[in-house]
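For reference, the structure is listed below as C-alpha cells.
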Amino acid sequence: MVDITPADGIPPAEVAEMELYHPHSWWTKYVFSQDAKVIAIQYSATATGIGLVALVLSWLMRLQLGFPGTFDFITPEAYYQFITMHGMIMVIYLLTALFLGGFGNYLIPLMVGARDMVFPYVNMLSYWIYLLAVLVLVSSFFAPGGPTGAGWTLYPPQAIMSGTPGGQDWGIILMLSSLILFIIGFTMGGLNYVVTVLQGRTRGMTLMRLPLTVWGIFTATVMALLAFPALFVACVMMLFDRALGTSFFMPAISEMGEQLQHGGGSPILFQHLFWFFGHPEVYIVALPAFGIVSDLISTHARKNIFGYRMMVWAIVGIGALSFVVWAHHMYVSGMHPYFGFFFATTTLIIAIPTAIKVYNWVLTLWRGDIHLTIPMLFALAFIVTFVNGGLTGLFLGNVVVDVPLSDTMFVVAHFHMVMGVAPILVVFGAIYHWYPKVTGRMLNETLGRFHFWATFLGAYLIFFPMHYLGLMGVPRRYNELTDMTVMTESAHHLNSFISIMAFIVGFAQIVFLFNLIWSIRHGREAGGNPWRATTLEWQTPQTPPAHGNFGKDLPIVYRWAYDYSVPGAKEDFIPQNVPGSFGPSKEPA
Amino acid sequence: MSVIIVFLFVIAGFAGWWLSHQRLMSRPWLEQGLAGDFVALDRSALPTAKIGLGVFLAVVGCLFALFTSAYFMRMALSDWQPLPLPRLLWLNTGVLVLSSVALQCAVVAARKRQIDMVRLGLATAGLTALAFLIGQLMAWRQLTEDGYLLSSNPANSFFYLITGMHGLHILGGLVGLGRTTAGAWNGARPERLRLGVELCAMYWHFLLFVWLAIFALLAGWAATFIDICRQLLI
Chain G
1 MVDITPADGI PPAEVAEMEL YHPHSWWTKY VFSQDAKVIA IQYSATATGI GLVALVLSWL
61 MRLQLGFPGT FDFITPEAYY QFITMHGMIM VIYLLTALFL GGFGNYLIPL MVGARDMVFP
121 YVNMLSYWIY LLAVLVLVSS FFAPGGPTGA GWTLYPPQAI MSGTPGGQDW GIILMLSSLI
181 LFIIGFTMGG LNYVVTVLQG RTRGMTLMRL PLTVWGIFTA TVMALLAFPA LFVACVMMLF
241 DRALGTSFFM PAISEMGEQL QHGGGSPILF QHLFWFFGHP EVYIVALPAF GIVSDLISTH
301 ARKNIFGYRM MVWAIVGIGA LSFVVWAHHM YVSGMHPYFG FFFATTTLII AIPTAIKVYN
361 WVLTLWRGDI HLTIPMLFAL AFIVTFVNGG LTGLFLGNVV VDVPLSDTMF VVAHFHMVMG
421 VAPILVVFGA IYHWYPKVTG RMLNETLGRF HFWATFLGAY LIFFPMHYLG LMGVPRRYNE
481 LTDMTVMTES AHHLNSFISI MAFIVGFAQI VFLFNLIWSI RHGREAGGNP WRATTLEWQT
541 PQTPPAHGNF GKDLPIVYRW AYDYSVPGAK EDFIPQNVPG SFGPSKEPA
Chain L
1001 MSVIIVFLFV IAGFAGWWLS HQRLMSRPWL EQGLAGDFVA LDRSALPTAK IGLGVFLAVV
1061 GCLFALFTSA YFMRMALSDW QPLPLPRLLW LNTGVLVLSS VALQCAVVAA RKRQIDMVRL
1121 GLATAGLTAL AFLIGQLMAW RQLTEDGYLL SSNPANSFFY LITGMHGLHI LGGLVGLGRT
1181 TAGAWNGARP ERLRLGVELC AMYWHFLLFV WLAIFALLAG WAATFIDICR QLLI
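The listed protein sequences derive, respectively, from chains G and L. Per our numbering, the first sequence starts with residue 1, numbered consecutively. Per our numbering, the second sequence starts with residue 1001, numbered consecutively.
In C-alpha cells form, the structure reads like this:
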C-alpha cells in the first residue's frame, strides 16, 4: 500500500465555501426549496405518483389481453392510449426522473462531499418545470379525445392523423408539449449534476475515488444532455407538422378519401431523430442502475468492488458506444443492408463492456461476506435479470433474427426485462439501502422480503412466458388476439396467466408503498450508518443530513470508496474521510 | 445524421482529452492520503459558472447540429425548393457582429475596472441584439409577403424554424444580459460584474458563431462546401 500523505501534514482546505441559500419560511424550506435533498424527494414523489398511473394502465391492458371481450370499456382506442401512456410514463417520467432527478439530486452532493448542487436555484426550477410537464401529460387524460394513442415511439404519419386516438385532437399536442417541457426542465437539472461532479467535489475526492454510483449518474447525465436534444428537435418538428401544417415528416397522404395538405416529408427522418435519443435513453436508465448496484454489492458483501478501473472505463465506454447503435431499432424500416450490418456490429460490441461489468459484480461476490439483506437481494436479482434481458438483446441485435421477431411479444419481453424490470429492481434496492439515510428509520424487514420475492418471482412469471408467445408469432400492440391462428388455446391460457401475475406483482408494489409511509413513523431507528458503509453520505453528522449536508467543515477524502475488510484495520470498513493507511505494509517486515 | 455524429466526435474528443488528465490509470485501492499533486485534480480553476455555461453551450450546439442534420436529410428529398434569402439578413448579421464586439469591449473594460465603459458596452450589446431580433422579424415579414409561407415548402419551414430557434436563444440571453446590466448600474461587486460580463460575452460569441453557421446553411453554401469535401474524399 502506498501512503501518499505528505510528511508535513495536510495543508489547510482551500476549498472556497459556497454561499448557501438559507430558507426563511416554511414555503422556501419544504416547497420552493433550493436544497437538493428536498428537490430529490419532490422528484421521487412526483415520479412515483405518475408511475402509479402507469401501473394502473398496465393492469387495464392486461385485463384486455388476458380476458378479451370481457371488459366493454376497453375499446381499441382506449387500449392504444393505455399502451402509449404506459410506455412514455415508465421510460421518461418515471425512470429517467427517478434515477437522475431523484437519486442524482440526493446522492451526488452527499457522495462527492458538497454542501449542495452548484446552481441551487436552477435546480429548483428544474423540478417545477418537470412537475409542469407531468401535469400537462396528466391533463391529456381529460382533454377532448383523450391522450394520444400513437405508441410511445409516436411514429408519424399515424401519430397526427385522425385514425389514431388524439391524433387530430389535443392528445398529441399535449404529449409533445409535455416532452418539450420535460427536456427543458431536465437540461436545467442535468447541468447541475454534471457541474457539481466536476466542481463540487471536496478535497481529496479525485475522479478515481468517486463511488461508482456517482460515475453512473454522471455519465448518464452527460449522455442525456446530448441525447434529449434529438427528442426535442423531433417533438418541435412534429408539433409544427401537426399544428402549422408543415411537412417535415408527413408524406403526401390521404385520409378518408381526402388528400391532406402535407406532402413530401420523411417518416424515416423522425425515426432517426427519435432513436438517436431513444437508444442512449436505454443506457441513461441503465448506467445509474449499474453504478448503484456496484455500491450495493460491495457494501453488502463487505468486499471491495472487483476491477474498479474497468468498471469506470466500461461505464464511459458504454456511454460513448450507445450513440452509434440507434438504427438497430429500425432494421425493418427498409435500410441499406450494409447500414444494418454496421449497426448490428456496434450493437454487439456493447456486449463487451457490459459483460465486463457483469463479471466484475460476480467476482466481487466471490468469497465475499455476503449479507442477504433486502438491498442485496434486489442487487442479485438485478444481475440475473439483466443477464437474461441482455441475452435476448443478442437475438434482436442481429438483423436476420430481428426481422422475424420484430413487433412480436418477444421484443416486449426483451425490453421489459432489460429496461423495465432490471432498473426497477435497482430502484427498489436503492430505496431499501438509502431510506435509513433519508428518514433515519429502517424499512420494515418482513414487508420488504415479501415485496422482494413477489416482485422478483412475479416479474419472471410475467415476462418469461412472453418470450414464448413472441416466438410463436404473437404480435405486440394488438388489442384483440382471439381470431389469430397463432393464438392456440394454450397461448390464451398463458395470456390469462400473465395477466393474473401482473395483478399480483402490482399489488406487491402497493404493499411497498405502505411500507414506505408506515416506516417513516414506525420503522426501527437506523442510526447514522446502519450498513457500515464507507461513502461520505453515511458520515454526515446528522441523520437525515441537515441543510448544508456536513457540519462546520467539509469532509476530507483520504481513500477510495471501497475499503471493506481491509486486513489489519479495526473494523471491516474504513470510511473515505478516515486518514491513515492500514494493511500488511505497515507491519514490520 | 453525419453532422451530429461529427459534432459528437468533437465533444467526445474534448471529453477524452479531459479524462486523460484525470489519472484514469491510477490504482485508487493502493493510494491513501492526500497528496499535493492531487489538489489540481480536485476541480478546475475556472469559475464554476463558466463551466456550467460551457456545458450548456455544448447542449445548445447539439440542438443546432441536430437541426442541421435534419435539414440535410430533408433537403435530399424531391420537393425541396430553396428560398431566396432576404438581403436584410446581411444587415442583421452585421448588427449581431456589432453586438458581440460591444460585449467584448465590455469584457476588456470590466477587466480594467472602467465601469462607464462596461455600462456603454452592455447597453450597446443589448440594443444591437434587440435590433437583430427586430431585423429577423422584418425578414420573416418580407418572406411571407413575397409568398414564402411557413408550410408551402420544407425549405421555408426550416428557415422559420431554425431562425426562430436561434432568436429564442438570443431572447433568453437578453434576460441574462439584462440582469448583468442592472447589476452594472446598481453597483454590483467588480468581481461579480466581471464574471457576469464574461459569461454574457461567451454566450453572445457562441450564438454569433451559430448564426453564421445557420446563415451558411440556409444560403446553401454549407451544402456546396460539403459537396466539395465529398468530391475531394472520393
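Just so you know, even glycine gets a beta-carbon here, dropped at the ideal spot from N, CA and C. This one's a predicted model, so the numbers in the text were calculated from it and none came from an experiment.
TODO: Determine the burial state of G/Ile431: buried for a count of at least 16 other Cβ atoms within 10 Å of its Cβ, exposed for fewer.
DONE: On the first sequence, residue 431 of chain G is found 431 positions in, with the first residue counted as 1. So G/Ile431 ends up on the buried side.
TODO: For G/Thr540, name the three-state secondary structure that DSSP assigns.
DONE: As a working note, residue 540 of chain G is residue 540 in the first sequence. G/Thr540 falls in the coil class under three-state DSSP.
- [ ] Return the chain-ordered list of same chain residues with a C-beta closer than 6 angstroms to the C-beta of G/Ala533, the five sequence neighbours on each side being excluded.
- [x] Walking along the first sequence from the start, residue 533 of chain G turns up at place 533. Closer than 6 angstroms at the Cβ level, and outside the excluded window around G/Ala533, lie Thr299.
TODO: Please name the residue or residues paired with G/Ser247 in a DSSP beta bridge.
DONE: Along the first sequence, one-based indexing puts residue 247 of chain G at 247. In DSSP, G/Ser247 forms no bridge with anything.
Task: Under 9 angstroms by beta carbon: chain G residues contacting L/Leu1089 - done: Against the second sequence, residue 1089 of chain L aligns to sequence position 89. Those within 9 angstroms of L/Leu1089 in chain G number zero; the least Cβ separation is about 21 angstroms.
- [ ] Please decide whether L/Cys1200 counts as near chain G, where near means a Cβ-Cβ distance under 8 angstroms.
- [x] In the second sequence, residue 1200 of chain L corresponds to position 200, counting from 1. With 8 angstroms as the cut-off, L/Cys1200 does not count as an interface residue toward chain G.
Open item on the list: Count Cβ pairs between the segment 515 to 529 of chain G and the segment 426 to 444 of chain G that sit closer than 8 angstroms; are there 3 or more?
Closed with: Verdict: yes, contact present.
Task: Per-residue burial, G/Asp295 [other beta carbons within 10 Å of its own, 16 or more giving buried] - done: Position 295 of the first sequence, counted from the start, is the residue given in the question as residue 295 of chain G. Result: buried.
Task: Residue span of the alpha helix (DSSP H) that contains G/Gly263, given as start and end - done: Position 263 of the first sequence, counted from the start, is the residue given in the question as residue 263 of chain G. Unbroken run through G/Gly263: none, as it is neither H nor E.
Open item on the list: According to DSSP, simplified to helix, strand and coil, what is G/Gln64?
Closed with: For the purposes of this step, residue 64 of chain G is identified with residue 64 of the first sequence, where counting begins at 1. Residue state, collapsed to three classes: helix.
Task: Under 7 angstroms (Cβ pairs) to chain G, residues found in the segment 1042 to 1059 of chain L - done: Of all residues in the segment 1042 to 1059 of chain L, Asp1042, Arg1043, Ser1044, Thr1048, Ile1051, Gly1052, Val1055, Phe1056, Val1059 have a Cβ within less than 7 angstroms of some Cβ in chain G.
Task: Cβ-based contacts, 8 angstroms cut-off: residues of the segment 257 to 281 of chain G near chain L - done: Correct list: Gln261, Gly263, Gly264, Gly265, Ser266, Leu269, His272, Leu273, Phe276.
TODO: Check whether the Cβ atoms of L/Gln1136 and L/Gly1167 sit closer than 8 angstroms, and answer yes or no.
DONE: Numbered from 1 along the second sequence, position 136 holds the residue referred to as residue 1136 of chain L. Numbered from 1 along the second sequence, position 167 holds the residue referred to as residue 1167 of chain L. Cβ distance < 8 angstroms, so L/Gln1136 and L/Gly1167 count as in contact.
Open item on the list: Suppose you measure from the CA of G/Ser565 to the CA of G/Tyr155; what does that come to, to the nearest Å?
Closed with: Residue mapping note: residue 565 of chain G aligns to position 565 of the first sequence, counting from 1. Residue mapping note: residue 155 of chain G aligns to position 155 of the first sequence, counting from 1. Counting only the Cα atoms, G/Tyr155 lies some 53 angstroms from G/Ser565.
Task: chain L residues whose Cβ lies nearer than 8 angstroms to that of G/Leu179 - done: For the purposes of this step, residue 179 of chain G is taken as residue 179 along the first sequence, with counting starting at 1. Within 8 angstroms Cβ-Cβ: nothing; G/Leu179 doesn't reach chain L, min ~14 angstroms.
Task: chain L residues whose Cβ lies nearer than 8 angstroms to that of G/Val136 - done: Counting from 1 along the first sequence, the entry for residue 136 of chain G is found at position 136. Chain L residues near G/Val136: none, gap ~19 angstroms exceeds 8 angstroms.
Open item on the list: If you reduce the DSSP assignment to three classes, tell me which class G/Tyr155 lands in.
Closed with: As a first step, residue 155 of chain G must be located in the first sequence, where it is residue number 155. G/Tyr155: coil per DSSP, three-state reduction.
Open item on the list: On the CB-based measure, 16 or more other CB atoms within 10 Å of its CB, does G/Asp72 come out buried or exposed?
Closed with: Taking the first residue of the first sequence as 1, we reach residue 72 of chain G at position 72. Exposed is the call here.
TODO: Note the first and the last residue of the continuous alpha helix (DSSP H) segment covering G/Thr385.
DONE: Taking the first residue of the first sequence as position 1, residue 385 of chain G is located at position 385. Segment 374 to 397, the alpha helix (DSSP H) holding G/Thr385.
- [ ] Please list the residues of the segment 1018 to 1033 of chain L that have a C-beta atom closer than 8 angstroms to any C-beta atom in chain G, keeping them in chain order.
- [x] Residues Leu1019, Gln1022, Arg1023, Leu1024, Met1025, Ser1026, Arg1027, Pro1028, Trp1029, Leu1030, Glu1031, Gln1032, Gly1033.
TODO: Identify which residue in G/Ile556, G/Phe290, G/Phe232, G/Gly264 has its Cα closest to the Cα of G/Ala220.
DONE: Stepping through the first sequence from its first residue, residue 220 of chain G is reached at position 220. Checked all of G/Ile556, G/Phe290, G/Phe232, G/Gly264; the closest Cα to G/Ala220 is G/Phe290.
TODO: Step through the CB atoms of chain L and report whether any lies within less than 8 angstroms of the CB of G/Gly523.
DONE: Working through the first sequence from its first residue, we reach residue 523 of chain G at position 523. Not a single C-beta of chain L is nearer than 8 angstroms to the C-beta of G/Gly523.
Open item on the list: With a threshold of 6 angstroms on Cβ separation, who are the neighbours of G/Phe386 within its own chain once the five nearest residues in sequence on each side are excluded?
Closed with: Position 386 of the first sequence, counted from the first residue, corresponds to residue 386 of chain G. Only Ala422 meet the Cβ criterion.
Open item on the list: DSSP has G/Tyr564 in a bridge; who is on the other side?
Closed with: Looking up residue 564 of chain G in the first sequence gives position 564. Note: G/Tyr564 sits in a beta bridge opposite G/Phe573.
Open item on the list: Does chain L have any CB closer than 8 angstroms to the CB of G/Ser254?
Closed with: On the first sequence, residue 254 of chain G is found 254 positions in, with the first residue counted as 1. No, because no Cβ of chain L sits closer than 8 angstroms to the Cβ of G/Ser254.
TODO: Indicate the three-state DSSP secondary structure (helix, strand or coil) for G/Pro475 in the structure shown.
DONE: Locating residue 475 of chain G in the first sequence gives position 475, counting from the first residue. Of the three classes helix, strand and coil, the one that applies to G/Pro475 here is strand, per DSSP.
- [ ] Alpha carbon to alpha carbon, how far is G/Val418 from G/Ala344? Give it in angstroms, no decimals.
- [x] Within the first sequence, the letter at position 344 stands for residue 344 of chain G. Within the first sequence, the letter at position 418 stands for residue 418 of chain G. Rounded to the nearest angstrom, the two C-alpha atoms are 18 angstroms apart.
- [ ] For L/Leu1143, count neighbouring C-beta atoms within 10 Å of its own C-beta (all shown protein chains included) and say buried if the count is 16 or more, exposed if not.
- [x] Within the second sequence, residue 1143 of chain L is the residue found at index 143, counting from 1. Answer is buried; the Cβ neighbour count reaches 16.
Task: Candidates G/Gly163, G/Asn444, G/Gly548, G/Pro579, of which the one nearest G/Leu20 by Cα - done: Along the first sequence, one-based indexing puts residue 20 of chain G at 20. For the residues G/Gly163, G/Asn444, G/Gly548, G/Pro579, the minimum Cα distance to G/Leu20 belongs to G/Gly548.
Open item on the list: Which residues does DSSP list as the beta-bridge partners of G/Glu258?
Closed with: Counting from 1 along the first sequence, the entry for residue 258 of chain G is found at position 258. Beta-bridge pairing by DSSP links G/Glu258 to G/Glu255.
Task: Local conformation of G/Thr221 per DSSP, three classes - done: In the first sequence, the residue the question calls residue 221 of chain G occupies position 221. Helix at G/Thr221.
Open item on the list: For G/Val222, tell me which candidate among G/Pro288, G/Phe182, G/Leu239, G/Gly264 has the shortest Cα-Cα distance.
Closed with: Along the first sequence, read from residue 1 onward, the residue named residue 222 of chain G stands at position 222. With respect to the C-alpha of G/Val222, the residue from G/Pro288, G/Phe182, G/Leu239, G/Gly264 having the closest C-alpha is G/Pro288.
Task: Chain-ordered chain L contacts of G/Tyr308 [CB-CB under 7 angstroms] - done: For this step, residue 308 of chain G is matched to residue 308 along the first sequence. One finds Pro1028, Trp1029 in chain L with Cβ atoms closer than 7 angstroms to the Cβ of G/Tyr308, taken in chain order.
- [ ] Report the rounded CA-to-CA distance for G/Lys416 versus L/Tyr1071, giving the unit in angstroms.
- [x] Residue mapping note: residue 416 of chain G aligns to position 416 of the first sequence, counting from 1. Residue mapping note: residue 1071 of chain L aligns to position 71 of the second sequence, counting from 1. As written in the sequence, residue 416 of chain G is His, which differs from the Lys given in the question. Straight-line Cα distance between these residues: approximately 34 angstroms.
TODO: Give the DSSP bridge partners of G/Glu525, in chain order.
DONE: Numbered from its first residue, the first sequence carries residue 525 of chain G at position 525. DSSP lists G/Arg441 as the bridge partner or partners of G/Glu525.
Open item on the list: Between G/Ala589 and chain L, is the shortest Cβ-Cβ distance under 8 angstroms, so that the two count as touching?
Closed with: As a working mapping, residue 589 of chain G is identified with position 589 in the first sequence. Below a pLDDT of 50, predicted positions are generally treated as unreliable, and G/Ala589, at 39, falls in that range; the measurement from the model is reported next regardless. Judged by the 8 angstroms Cβ criterion, G/Ala589 is not in contact with chain L.
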